[in-house]
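2 protein chains.
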Amino acid sequence: MSLWFDETFQGRVRLGFHVTKTLFHGQSEYQSVDVVETEAWGTTLLLDGVYMTSVGDEYHYHEMLVHPALTSAPSIKRVLVIGGGDGGTVREVLRYREVEQVILCEIDRLVVETSQQYLTEFNVPWNDPRLKVLCQDGVAYLRDYVGEPFDVILVDGADPVGPAAGLFESPFYSACRARLQPEGVLASQTEAPTLMRDDFVRIVKTLRSVFPNAHPYFGPVPIYVCGTWSWTLASNASAALTPREDRLTQIEAGCRYYNRDIHRAAFALPNDLRKLL
Amino acid sequence: MSLWFDETFQGRVRLGFHVTKTLFHGQSEYQSVDVVETEAWGTTLLLDGVYMTSVGDEYHYHEMLVHPALTSAPSIKRVLVIGGGDGGTVREVLRYREVEQVILCEIDRLVVETSQQYLTEFNVPWNDPRLKVLCQDGVAYLRDYVGEPFDVILVDGADPVGPAAGLFESPFYSACRARLQPEGVLASQTEAPTLMRDDFVRIVKTLRSVFPNAHPYFGPVPIYVCGTWSWTLASNASAALTPREDRLTQIEAGCRYYNRDIHRAAFALPNDLRKLL
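Protein sequences appear in the order of chains A and B.
Be aware that the first sequence starts at 1, since it is given in my numbering, and climbs by one per residue.
Be aware that the second sequence starts at 1001, since it is given in my numbering, and climbs by one per residue.
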């Protein structure tokens, strides 16, 4: 018996992995949560039947969400992660010595608990004293937030349907900007620039309507349909951000995908996307 | 009735597209040849049940195989294309005014004829007087070749199984080098660096054992399993090749993916691949 699970995108494209074992199935008030073993990528998390992350490929996504922002933000003492319940993003953030506090605000407690139990190979330092995990809605959290502004906000949500939809809209981005230090930086995943081109363009334009500066960048995420993903770095800065040498030195050797060449290269815009943005 | 065709890679991963119409099925002495309409990418060519190219996504692959070599080779008067029976590669080559002769050496006549009939949206200038199409084995052609050396050889073969297997081996690359001008340049597709990592590493190392200089580069090809593809630029030059301004000016505006920023960016090596090469 050969077991496959295919993720289908808009009835047009599907990506399937050979599943050797099912490890967990649960249903929260927000979504279904599954963990399976795939032959290609090892332990793999799905939300609402969509491949989210896996032990074998996760470094591509998490390093590219975190390091362009964390190497280039003027200050990185206080970092907020919205979504990101699997922990891969906070793991990368906590590698920087300058980071003093990380708040992980994931709407779905089941995602956090399932990841802590099954994605142990992610090696997330869940007990790091700098990390505080909140299981609540990121949109409401930011709207109601009254504490010290953040230096960096990382938006690590699923696709703009279901529980993460609000994380791609102008009111949310405006709330992010309002809760950032004046020189603060936001990075968000912004969908697949090839197959989900309309979503990608809309989200980047929304970010540009809120922040003076928003630059999309690109990299491979093999577990996602179409394989090429985008993230966008947004700030109040007047020019594109550049990585700081001391931070690069600190984290570069421990990265599996990211390095200073990749940082620069990732921001190159192909002609087709240039025309649309 | 919803019709899907899934391409399966090593029993581990499969990529499927929703097929709205089947246009052609044939069998040559080398392989099966199919043309279908997919909802995602329009008219699409498959060889031996593997997605090869489509009207909607082909520019990514063809521009990235051709332009890094053609913008940076010292001379581009005489160009040989091995494989590439769909014509997308020669279309991009023929955009350069300096190109005087292009030989397309495709082993399978059925691929050329099928492409000419069904992939009309590729807009290949099949009647350009500079183009000569040969339907014969590229390995034998190069081995027996006695004419004027080529300025550029582009290797546009399928995966290293089946009829294209010989196009990824040391004897073939040595024959290429022997038939190139001393300052000539070779570019080849070199498989998916994520999912087909072993193949990718082996092929690049083979190229490096034959050419003093061989640099892999990367880009998205949405129709291929895993979505990120690699090509490698090889030459006798002592340093990495850089694109020439006059050639960039000539072709950049007409490209849908490639431009000078993409050229530079595509050669950035991620940490995981750096360690393996």
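We treat Cβ as the ideally placed atom computed from N, Cα and C, and that holds for glycine.
Pop quiz: residue i and residue j are said to be a contact at Cβ under 8 Å. What is the actual Cβ separation, rounded to whole angstroms?
| i | j | result |
| --- | --- | --- |
| Val7/A | Val36/A | Just to set this straight, residue 7/A is Glu in the shown sequence, not Val. Not quite, the Cβ-Cβ distance comes to about 12 Å (not below 8 Å), so this is no contact. |
| Phe1218/B | Pro1193/B | 6 Å |
| Ile82/A | Ile153/A | 7 Å |
| Val124/A | Val102/A | Actually they are not in contact, since the Cβ atoms of Val124/A and Val102/A sit about 11 Å apart, beyond 8 Å. |
| Gly1042/B | Val1055/B | 4 Å |
| Glu1183/B | Arg1078/B | Actually they are not in contact, since the Cβ atoms of Glu1183/B and Arg1078/B sit about 13 Å apart, beyond 8 Å. |
| Ser1075/B | Asp1151/B | 4 Å |
| Pro212/A | Asn236/A | 6 Å |
| Leu1207/B | Ala1069/B | Between Ala1069/B and Leu1207/B the Cβ distance is about 13 Å, and since that is not below 8 Å, they are no contact. |
Starting from the C-beta of residue i, find all residues in its chain whose C-beta is less than 7 Å away, skip the five residues before and the five after it, and write them out in chain order.
| i | result |
| --- | --- |
| Gly1085/B | Glu1106, Asp1108, Val1111, Val1112 and Ser1115 |
| Ala1175/B | Leu1142 and Arg1143 |
| Val201/A | Leu276 and Leu277 |
| Ala1253/B | none |
| Val180/A | First, the amino acid is wrong: residue 180/A is Leu here, not Val. So the list reads Pro149, Phe150, Ile153 and Leu186, once near-sequence residues are dropped. |
| Arg260/A | Pro243, Leu248 and Glu252 |
| Glu1100/B | Lys1077, Arg1078 and Arg1130 |
In the structure shown, what three-state DSSP assignment does residue i receive?
| i | result |
| --- | --- |
| Ser1170/B | helix |
| Val221/A | coil |
| Leu272/A | Just to set this straight, residue 272/A is Asp in the shown sequence, not Leu. Looking at Asp272/A - three-state DSSP - the assignment turns out to be helix. |
| Lys1077/B | coil |
| Arg97/A | coil |
| Ser2/A | coil |
| Pro1129/B | coil |
| Ala1175/B | helix |
| Gln117/A | helix |
| Ser1089/B | With the sequence shown as reference, residue 1089/B is identified as Thr, and Ser is not the correct amino acid for it. Note: Thr1089/B maps to helix in three-state DSSP. |
| Gly1162/B | helix |
| Glu37/A | strand |
| Phe51/A | Position check: residue 51/A holds Tyr in this sequence, whereas Phe was assumed. If DSSP states are grouped into helix, strand and coil, Tyr51/A belongs with the strands. |
| Glu1063/B | helix |
| Ser1072/B | helix |
| Gly1016/B | strand |
| Thr1190/B | coil |
| Gln1031/B | coil |
| Ile107/A | coil |
| Leu1023/B | strand |
| Gly83/A | strand |
| Gln250/A | helix |
Below 8 Å on C-beta distance, what does residue i contact in chain A?
| i | result |
| --- | --- |
| Pro1243/B | What Pro1243/B touches in chain A: nothing, since even the nearest Cβ is about 13 Å away. |
| Ala1040/B | Arg12, Val13 and Leu195 |
Spell out whether any CB of chain B is found under 9 Å from the CB atom of residue i.
| i | result |
| --- | --- |
| Gly87/A | no |
| Tyr173/A | no |
| His60/A | yes |
| Thr249/A | no |
| Asp159/A | no |
| Arg256/A | yes |
| Asp199/A | no |
| Asp57/A | yes |
Mind pulling the chain A residues with CB within less than 9 Å of residue i?
| i | result |
| --- | --- |
| Arg1014/B | Trp4, Asp6, Arg14, Leu15, Gly16, Phe17 and His18 |
Answer with yes or no whether the minimum CB distance from residue i to chain A is below 9 Å.
| i | result |
| --- | --- |
| Leu1277/B | no |
| Cys1135/B | no |
| Ala1265/B | yes |
| Glu1252/B | yes |
| Phe1218/B | yes |
| Asp1156/B | no |
For residue i, which residues in chain B fall below 7 Å Cβ to Cβ?
| i | result |
| --- | --- |
| Ile262/A | Ala1268 and Pro1270 |
| Cys226/A | Pro1222 and Gly1227 |
Going along the chain, which residues of its own chain have a beta-carbon closer than 8 Å to the beta-carbon of residue i, five neighbours each way excluded?
| i | result |
| --- | --- |
| Gln189/A | Tyr61, Leu65, Val155, Asp156, Gly157, Trp229, Ser230 and Trp231 |
| Lys1205/B | Leu1277 |
| Trp1004/B | Gly1016, Phe1017, His1018 and Val1019 |
Among residues of its own chain, excluding the 5 on either side of residue i, which ones have a beta-carbon nearer than 6 Å to its beta-carbon?
| i | result |
| --- | --- |
| Ser1028/B | Asp1108 and Leu1110 |
| Glu1039/B | His1018 and Thr1020 |
| Tyr59/A | Arg256 and Tyr257 |
| Pro1222/B | Asp1057 |
| Gly87/A | Ser115, Phe122 and Val124 |
Below 9 Å on C-beta distance, what does residue i contact in chain B?
| i | result |
| --- | --- |
| Asn259/A | Ala1268, Leu1269, Pro1270, Asn1271 and Arg1274 |
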